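Beneath this line is the structure, given in structure tokens, with notes to follow.
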Amino acid sequence: MSSSTVEKGKLAPTQCVGPLYRSESQKPTATVSTEVEFETVTILPQTPQLIALLTMIRDVNTDRGDFIFYSNRIIRLLVEEGLNHLPTVEHTVTTPVGRPYDGLSFQGKICGVSIMRAGEAMEQGLRDCCRSVRIGKILIQRDEETAQPKLFYDKLPEDIADRWVLLLDPMFATGGSAIMAVEVLISRGVPEDHILFINLIASPEGIKNFAIKFPKVRVVTAFVDQGLDEKNYIVPGLGDFGDRFYTM
Amino acid sequence: MGSTNGLNGTTVTEDTIAMRAHYAPPWADLSIIGIAGSSGSGKSTLSQAIVRKLNLPWVVILSIDSFYKSLDPEASRKAFRNEYDFDSPEAIDFDVLVDRLRDLKAGKRAEIPVYSFEKHGRLDRSTAIYSPHVLILEGIFALYDPRVLDLMDMKIFCEADADTCLSRRIIRDVRDRGRDIEGIIKQWFAFVKPNFEKFVDPQRKVADIIVPRGVENRVAMDMVVQFIEQKLLEKSTHHRAALTRLEIGAKSEPLSEKVFVMAQTTQLRGMNTIIHDIDTNSEDFIFYFDRFATLLVEQALNNTPYISSSITTPQGCTYNGLRSKGEVSAVIVLRGGAALETGLKRVVPDCKTGRVLIQNNLRTGEPELHYLVLPKDIHKHEAVLLLDAQMSSGGSALMAVQVLVDHGVKLDRIVLATYSAGRMGLHRLTKVFPDISVVVGSLVQDGEERWVEKRYFRC
Chain A
1 MSSSTVEKGK
11 LAPTQCVGPL
21 YRSESQKPTA
31 TVSTEVEFET
41 VTILPQTPQL
51 IALLTMIRDV
61 NTDRGDFIFY
71 SNRIIRLLVE
81 EGLNHLPTVE
91 HTVTTPVGRP
101 YDGLSFQGKI
111 CGVSIMRAGE
121 AMEQGLRDCC
131 RSVRIGKILI
141 QRDEETAQPK
151 LFYDKLPEDI
161 ADRWVLLLDP
171 MFATGGSAIM
181 AVEVLISRGV
191 PEDHILFINL
201 IASPEGIKNF
211 AIKFPKVRVV
221 TAFVDQGLDE
231 KNYIVPGLGD
241 FGDRFYTM
Chain B
1 MGSTNGLNGT
11 TVTEDTIAMR
21 AHYAPPWADL
31 SIIGIAGSSG
41 SGKSTLSQAI
51 VRKLNLPWVV
61 ILSIDSFYKS
71 LDPEASRKAF
81 RNEYDFDSPE
91 AIDFDVLVDR
101 LRDLKAGKRA
111 EIPVYSFEKH
121 GRLDRSTAIY
131 SPHVLILEGI
141 FALYDPRVLD
151 LMDMKIFCEA
161 DADTCLSRRI
171 IRDVRDRGRD
181 IEGIIKQWFA
191 FVKPNFEKFV
201 DPQRKVADII
211 VPRGVENRVA
221 MDMVVQFIEQ
231 KLLEKSTHHR
241 AALTRLEIGA
251 KSEPLSEKVF
261 VMAQTTQLRG
271 MNTIIHDIDT
281 NSEDFIFYFD
291 RFATLLVEQA
301 LNNTPYISSS
311 ITTPQGCTYN
321 GLRSKGEVSA
331 VIVLRGGAAL
341 ETGLKRVVPD
351 CKTGRVLIQN
361 NLRTGEPELH
371 YLVLPKDIHK
381 HEAVLLLDAQ
391 MSSGGSALMA
401 VQVLVDHGVK
411 LDRIVLATYS
421 AGRMGLHRLT
431 KVFPDISVVV
441 GSLVQDGEER
451 WVEKRYFRC
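Residue numbers (full-length UniProt numbering), protein chains in the order written: chain A, 1 to 248; chain B, 1 to 459.
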């Protein structure tokens with residue numbers, strides 16, 4: 001009893017997961033992320049611990065407390081990966097033991113923008129990595145009549161055009177709201193290649209639409225799932241992220 | 001040990017051992033000093049004075065009194081009437097004593113029975129002795145059993161006047177063992193005195209030195225202390241030489257495939273730069289170190305065992321994922337490892353955590369084990385994360401792994417995670433323990449001083 005309508009009978013990739021030094025027989029098998037061909041898209045390494053975290057938050061029997069804890073851990077890993085795409089310059093410092101250390105220093109100002117409400121659940125993870133980061137908000141909802149996403153509200157840092165933007169939304173299904181959010185950011189003067197869209201689970205369809213429309217926006221995700229069902233929910237997915245995080 | 005994986009026969013195991021470098025912790029070659037003498041001759045006072053004078057955690061006293069046999073009901077009734085002969089060698093369980101001494105001599109942990117003089121029996125609990133470098137075995141029959149004598153490095157016989165002995169015994173038994181004076185005197189003439197002549201006194205023949213007047217005898221005290229100090233120095237020299245021998249090949253051989261150095265991404269290098277910068281303020285240092293530590297622990301968990309797990313999502317679909325095979329606990333190598341604890345708690349908030357204090361001797365640089373508390377069921381855990389902030393020579397890491405092995409943790413279940421390490425330390429560690437996995441935040445030069453803990457704890 002797998003998903004109801006999986007895109008054109010495509011099978012989810014299953015493989016042995018674990019450190020290289022273990023032989024195949026010592027590694028358990030699991031379904032891992034579907035690969036995509038867009039170079040702007042980064043999928044987190046499919047390590048056993050990431051798969052285990054995803055298994056926890058996908059499980060319908062996981063309670064809210066655990067759901068919040070385990071999703072926060074994935075979000076932190078996503079933010080850490082996302083930050084790798086920001087610019088740096090060479091920077092040499094002197095260490096406490098007196099020798100020089102050839103390192104890097106971070107360049108450019110950043111801000112977070114969460115797509116309400118599920119995206120706000122990712123703010124904690126962002127703050128864990130970037131303490132006093134500015135966070136803007138965008139409210140996009142599906143218009144009941146047209147079934148199209150509609151912008152209801154936004155509050156963004158005034159100097160957002162000079163910042164790198166980490167756009168936060170955990171579920172990347174059709175990509176409708178993400179596309180609208182990016183359009184809002186571009187209209188405020190943010191260069192396309194200064195936007196990083198960070199999400200937990202994406203659908204191949206959503207990624208394709210988005211990457212073709214915005215070839216310079218980077219996407220960082222933990223997992224590309226099998227596809228969408230008839231209600232445009234990601235399958236196997238994890239249900240409604242906002243509900244499971246905030247109200248269920 | 002630890003390398004046997006069931007399916008492969010003994011030949012494979014032997015090969016693995018042959019290839020493996022050997023590490024003997026300083027407690028694997030225990031020196032035992034026996035102090036015998038009549039009851040009340042000042043054996044325990046002398047032992048305590050020696051331990052106090054040396055003031056080292058790895059010099060411990062073991063009293064033969066702990067090895068009194070448990071009494072059957074008949075003997076117990078006799079004992080309560082002061083008619084049981086406690087001063088005969090028959091009363092001592094030498095088999096158990098020899099067994100425990102052999103374990104200790106081999107560097108293993110030994111459970112010592114606890115004997116109650118009030119109840120005339122062994123209590124259910126036991127106390128553990130682990131990792132002493134010198135053990136003082138004290139008791140009227142410390143030099144009695146030939147098997148025990150074989151294990152000893154120095155044999156001392158304490159001598160005192162009989163009336164001194166009797167008066168000391170009265171004071172001690174009334175104060176510490178809940179006896180009455182009449183009973184004590186009855187015991188003295190019925191058992192203690194005849195036994196002394198028959199069994200205790202002849203032990204002086206096997207003694208290396210005979211100490212009259214106990215602790216008051218300064219010359220004898222100094223001799224014994226000097227002897228022990230000499231032994232400790234020898235052990236320290238051997239230990240350091242063994243560590244040096246493990247350096248061979250460190251420069252030419254590649255790192256073990258079980259050593260995982262974290263990918264030096266721009267964020268990691270940027271964080272490292274802030275952490276390494278002497279001008280970084282403490283607030284930033286702690287923030288970035290915690291952030292780094294969190295990633296390090298997440299990475300370490302990739303080396304713990306997982307099993308396949310099928311779950312149902314809220315959409316009603318099946319997902320074939322993974323779950324942790326079983327309990328993962330942690331052991332912090334103090335003080336440095338405690339800097340990784342915030343990171344650990346962010347990843348596994350309720351992680352059972354053992355603690356080991358290993359300090360490098362300031363004078364010799366030799367790692368020394370000072371303190372140890374481990375979860376009781378640690379040998380059953382699927383994985384144990386061993387956390388230390390820095391690994392420079394690998395000496396403390398070797399010792400910490402040895403401690404886990406001595407407590408029944410299988411080598412392939414140990415994951416050492418450290419913020420930084422040098423190739424030399426990694427080489428030494430994986431040469432001796434090729435089955436453990438190691439996660440390193442970044443590779444640094446060999447022999448780097450431990451500066452992270454000073455910065456993190458600000459002292």
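Ideal Cβ positions, reconstructed from N, Cα and C, are used throughout, including at glycine. The structure displayed is predicted, hence computed values, not measured ones.
Listed along the chain, the chain B residues whose CB falls inside 7 angstroms of the CB of A/His91 are Thr273. If you compare the alpha carbons of B/Val432, B/Asn302, B/Lys431, B/Leu296 with that of A/Tyr21, the shortest gap goes to B/Asn302.
A Cβ of chain B is located within less than 8 angstroms of the beta carbon of A/Gln49.
In this structure, the straight-line span from the alpha carbon of B/Thr418 to that of B/Val259 is close to 11 angstroms.
Cβ neighbours of B/Ala242 within its own chain (closer than 7 angstroms, five residues either side excluded): Tyr23, Ala24. Pairing B/Asp93 with B/Gln230, the inter-Cα distance amounts to about 32 angstroms. Beta-carbon to beta-carbon, B/Val225 and B/Leu62 are separated by about 18 angstroms, too far to satisfy the 8 angstroms threshold. Legend: CB atoms of the segment 206-225 of chain A lying less than 7 angstroms from CB atoms of chain B are not found in any residue. The residue from B/Lys352, B/Val200, B/Tyr84, B/Ala21 with its alpha-carbon nearest to that of B/Ile35 is B/Val200. A direct Cα-Cα distance of roughly 9 angstroms separates B/Pro305 from A/Gly18. Proximity to B/Ile50 across B/Thr244, B/Thr312, B/Ser131, B/Met221 peaks at B/Met221, based on C-alpha coordinates. For B/Asn272, the enclosing alpha helix (DSSP H) has its first and last residue at 266-276. A/Asp159 is not bridged by DSSP to any residue. If one requires a minimum length of 3 residues, the beta strand (DSSP E) runs lying completely within the segment 80-146 of chain B are 110-116, 121-129, 134-138, in chain order. Beyond the five residues adjoining it in sequence on each side, A/Val32 comes within less than 6 angstroms, by CB distance, of Pro13, Gln15, Gln46 in the same chain, given in chain order. Using a Cβ-Cβ cut-off of 9 angstroms, B/Asn360 is close to nothing in chain A; its nearest Cβ partner there is about 15 angstroms away. Counted as a single uninterrupted DSSP element, the beta strand (DSSP E) harbouring B/Val259 occupies residues 259-261.
For the segment 248-265 of chain B, the set of positions with a beta-carbon nearer than 8 angstroms to some beta-carbon of chain A reads Glu257, Lys258, Phe260, Thr265 in chain order. When the beta-carbon positions are compared, B/Ala106 and B/Ala207 stay at least 8 angstroms from each other. The beta-bridge partner set that DSSP reports for B/Thr312 consists of B/Thr318. Residue contact check for A/Gly112 against chain B: no CB pair falls below 8 angstroms. Annotated three-state conformation of B/Ser437 is strand, per DSSP.
Of A/Pro191, A/Tyr246, A/Leu78, the smallest CA-CA separation from A/Arg163 is found for A/Pro191. Fully enclosed beta strand (DSSP E) runs of no fewer than 3 residues occupy 109-116 of the segment 109-135 of chain A, in order along the chain. Taking the CA atoms as reference points, B/Glu341 sits about 26 angstroms from B/Ser131. Bridge pairing for B/Tyr371: B/Leu357 [DSSP]. DSSP places A/Thr29 in the uninterrupted beta strand (DSSP E) bounded by 29-31. Between the alpha carbons of A/Leu139 and A/Leu104 lies a distance of about 36 angstroms. Residue environment analysis places B/Gln203 among the buried positions, since at least 16 neighbouring C-beta atoms fall within 10 angstroms of its C-beta. Under the 8 angstroms criterion on CB atoms, B/Asp277 is classed as interfacial with respect to chain A.
By the C-beta criterion, the segment 326-335 of chain B is judged to be in contact with the segment 388-405 of chain B, since at least 3 inter-stretch pairs fall below 8 angstroms. Check the Cα spacing between A/Gly175 and each of A/Ile198, A/Phe245, A/Glu158, A/Thr95: the tightest is with A/Ile198. At least one CB atom of chain B sits nearer than 8 angstroms to the CB of A/Arg73.
By the Cβ-count criterion, B/Ser256 is buried, with 16 or more other Cβ atoms from all chains shown falling within 10 Å of its own Cβ. Residues of the segment 446-459 of chain B with a C-beta atom less than 8 angstroms from some C-beta of chain A are Glu448, Glu449, Trp451, Lys454, Arg455, listed in chain order. B/Glu138 is classed as buried because its beta carbon has at least 16 other beta carbons within 10 Å across all chains shown.
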